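Inspection log for the structure reproduced underneath, given as structure tokens.
In the working numbering, the protein residues as written are 7 to 42.
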């Protein structure tokens, strides 16, 4: 398939309930063990 026909996810960004983007996100490293 030509590249313009492929579906690609570039990234996922969260949005607040009011539609605005979050500001000053924490820069802590994710600990996979905390995910349940």
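Glycine residues also receive a C-beta, built at the ideal position from the N, C-alpha and C atoms.
It should be emphasised that the depicted structure is a prediction, and the values quoted were computed from it without experimental measurement.
Item, Value
"6 Å CB neighbourhood of residue 41 in its chain, flanking five on each side removed", "none"
"Backbone secondary structure at residue 40 - three-state DSSP", "helix"
"Length-filtered (3 minimum) beta strand (DSSP E) runs lying within the region 11-36", "none"
"Residue 91 versus 38, 20 and 39, residue with shortest Cα-Cα distance", "Outside the shown range of the chain, which is 7 to 42, sits residue 91, and nothing can be said about it."
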